Amino acid sequence: MSRELGFEAEARSEGMKSIRGAAGGSGAIRLGLVLAAVLAGTAWGEAMLQFFNASWNEIAEKVPELAEAGYSSVWLPPPAKANGGYSVGYDLFDPFDLGSKDQRGTIATRYGTKADLHNLIELCHRFGIRVYFDNIMNHRAYDVPGYNETTPIDVFPGMVAEDFHLRTTSDGFYRKWDNTRDWQDAWQVMHLGLSDLLDIAHETPNQNFGANEGDWHDKPSIVRHPYNPEFYDWHPTEGWVGFNSTSITEAVIAANPDFYKEDVGAYLCRNARWMMETTRADGFRLDAVKHVPDYFFGAFNDDASDAGYLGQVQWQFNMTHGYSDWSNHRDSNFSTEIPRDDA
């Protein structure tokens with residue numbers, strides 16, 4: 010019996026006991042059976058705790074207490090390297106750095122090292138607590154690629170200027186556009202800035218890149234991590250091999266540039282798969298979704314194609330954690346009649 014079903018059965022049993030104790034007799038038993046039948050058709054949600062403003066180690070110390078209190082999941086802040094060691098994580102810098110690289114003046118994130126993070130997740134799972142992270146796909150931090158002659162085009166690892174909504178200057182440099190001016194204007198919400206953060210262009214082509222607001226520009230498709238084969242999970246001849254496979258090397262990437270070229274959308278999807286596999290998280294809370302076009306996320310039904318950002322996350326969840334229905338990676342999200350073990 011699963012943990013959820015165990016809690017459900019216990020709740021039903023206790024409910025029937027209390028009814029019998031109050032009324033007594035066969036009528037109370039019948040009422041209890043009716044109540045149990047009603048509960049059997051009720052969706053049981055999990056008790057989630059939003060646990061921010063604490064380090065991974067501080068949260069880990071509280072995990073036994075959280076389990077004892079009845080929490081079945083925790084919602085945690087973005088785990089990847091942000092703009093500095095004191096950042097809470099929403100001004101994302103490198104989504105492939107969980108606190109193991111010396112970047113932005115620090116190795117650890119505000120919350121700890123990659124090892125601390127893995128220890129926390131392992132501990133949560135040992136106590137039956139699911140882990141959900143904030144996931145950022147809308148923007149990066151405040152730097153502008155190619156702002157001047159001293160600012161590199163690839164200031165954000167794996168990304169270039171044309172991946173963002175930027176204004177070009179007459180002397181060949183780049184600037185941010187204004188923040189959203191009219192929150193009732195859907196185009197502005199998806200093509201202008203949010204809190205001065207650098208806005209990613211999810212649409213194809215880039216529909217706000219150039220000298221004038223609303224100018225269109227082609228989006229680049231490039232090899233984004235030529236020296237990090239551990240960040241790739243597909244081999245040109247062997248197919249899917251998973252992340253950190255010895256089959257994928259720098260030489261393999263260099264010999265197959267067309268296979269490893271990605272636009273920014275494919276890069277974001279690959280990072281989401283990598284994040285799911287590397288952290289073994291149980292899911293993501295998607296940050297700033299209204300600033301991203303809906304088609305980026307893929308189908309909003311039980312489509313079996315694994316298309317879009319959410320299709321990729323759901324596919325990777327199942328590859329990482331395993332699940333019962335291998336014919337469709339979305340369907341249990343849309344049915345109350347089958348066990349939900351898709352992402």
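Using my numbering, read the sequence shown as starting at 10 and increasing by one per residue.
For every residue, glycine included, the Cβ atom is placed at its ideal position computed from N, Cα and C.
Values in this document were obtained by computation on a predicted structure and should not be read as measured data.
- Whole runs of the alpha helix (DSSP H) within the stretch 114-166, excluding any shorter than 4 residues: 123-135
- Message: For Val250, report the span of its alpha helix (DSSP H) as first-last.
- Response: Premise fails: Val250 is in no alpha helix (DSSP H) and is neither H nor E.
- Message: As a quick exercise: from Thr178, Pro229, Thr258, Glu222, pick the residue whose alpha carbon is nearest that of Leu199.
- Response: One point to set straight first is that residue 199 is Met, not Leu, in the sequence displayed. For the residues Thr178, Pro229, Thr258, Glu222, the minimum Cα distance to Met199 belongs to Glu222.
- Residue closest to Asn280, alpha-carbon to alpha-carbon, out of Gln216, Met146, Ala297: Met146
- In its own chain, which residues sit with a C-beta less than 8 angstroms from the C-beta of Val169, not counting the 5 before and 5 after it? Pro154, Ile162, Asp163, Pro229, Ile231
- Have a look at the DSSP bridge pairing and note the partners of Leu203. Leu206
- Message: Per DSSP, what are the beta-bridge partners of Val83 in this structure?
- Response: Leu58, Val140
- Item | Sequence-distant residues of its chain with Cβ nearer than 8 angstroms to Arg294 (five each side left out) | Trp84, Tyr141, Phe142, Asp143, Asn144
- Task: Measure from the alpha carbon of Gly202 to the alpha carbon of each residue in Asp227, Ser179, Gly251, Ala150, then state which is nearest.
- Result: Ala150
- Would you mind giving the Cβ-Cβ distance between Gly320 and Ala308, rounded to the nearest angstrom? I have them listed as a contact below 8 angstroms. 7 angstroms
- Report yes if the CB atom of Glu55 is closer than 8 angstroms to the CB atom of Ser82, and no otherwise. yes
- Task: Alpha carbon to alpha carbon, how far is Glu67 from Phe61? Give it in angstroms, no decimals.
- Result: 11 angstroms
- Beta carbon of Gly317, beta carbon of Phe326: below 8 angstroms? no
- Between Phe102 and the rest of its own chain, which residues show a CB-CB distance below 6 angstroms, the 5 nearest in sequence each way excluded? Lys90, Ala91, Asn92, Arg113, Ala150
- Message: Less than 8 angstroms between the C-beta atoms of His244 and Ile262, yes or no?
- Response: no
- Have a look at Leu58 and Gly181 and give me their C-alpha separation to the nearest angstrom. 48 angstroms
- Would you tell me roughly how many angstroms separate the C-alpha atoms of Leu44 and Leu175, rounded to the nearest one? With a pLDDT of 38 at Leu44, under the threshold of 50, the predicted position of this residue should be treated as unreliable, though the coordinate-derived value follows. Between Leu44 and Leu175, the C-alpha separation is close to 59 angstroms.
- Task: Going by CA-CA distance only, name the one from Pro86, Ser109, Ala210 that's closest to Ala63.
- Result: Pro86
- Task: Please name the residue, chosen from Gln193, Arg139, Gln216, that lies closest to Asp172 on a Cα-to-Cα basis.
- Result: Gln216
- In the structure shown, what three-state DSSP assignment does Arg4 receive? Because the chain here runs from 10 to 352, residue 4 falls outside it and cannot be looked at.
- Query: Can you pull the DSSP bridge partners for Ile231?
  - Reply: Glu271
- Message: So, with DSSP's three-state summary, where would you put His330?
- Response: helix
- Return the CA-CA distance between Tyr156 and Thr177, expressed in angstroms with no decimal places. 10 angstroms
- Query: The beta strand (DSSP E) with Leu101 in it runs from where to where?
  - Reply: 101-103
- Message: Quick check on His174: does DSSP put it in helix, strand or coil?
- Response: coil
- Query: Which value, in whole angstroms, describes the spacing of the CA atoms of Pro284 and Thr160?
  - Reply: The sequence given here places Met at residue 284; Pro does not occur at that position. Cα to Cα, Met284 sits roughly 28 angstroms from Thr160.
- Message: So, at 6 angstroms on beta carbons, what are the nonlocal neighbours of Leu225 in its own chain, with the 5 sequence-adjacent residues on each side left out?
- Response: It is worth fixing the name first, because residue 225 is Trp in this sequence and not Leu. The residues are Pro214, Gln216.
- Message: Quick check: Tyr236 and Glu259, are their CB atoms within less than 8 angstroms of each other?
- Response: yes
- If you compare alpha carbons, which of Gln193, Thr189, Asp194, Ala220 is closest to Thr208? Checking the sequence shown, residue 208 turns out to be Asp, not Thr. Closest by alpha carbon: Thr189.
- Message: Please classify Pro266 as buried or exposed, where buried requires at least 16 other C-beta atoms within 10 Å of its C-beta.
- Response: exposed
- Buried versus exposed, by CB contacts within 10 Å (16 or more), Ala264: exposed
- Are the Cβ atoms of Tyr99 and Asp272 separated by less than 8 angstroms? no
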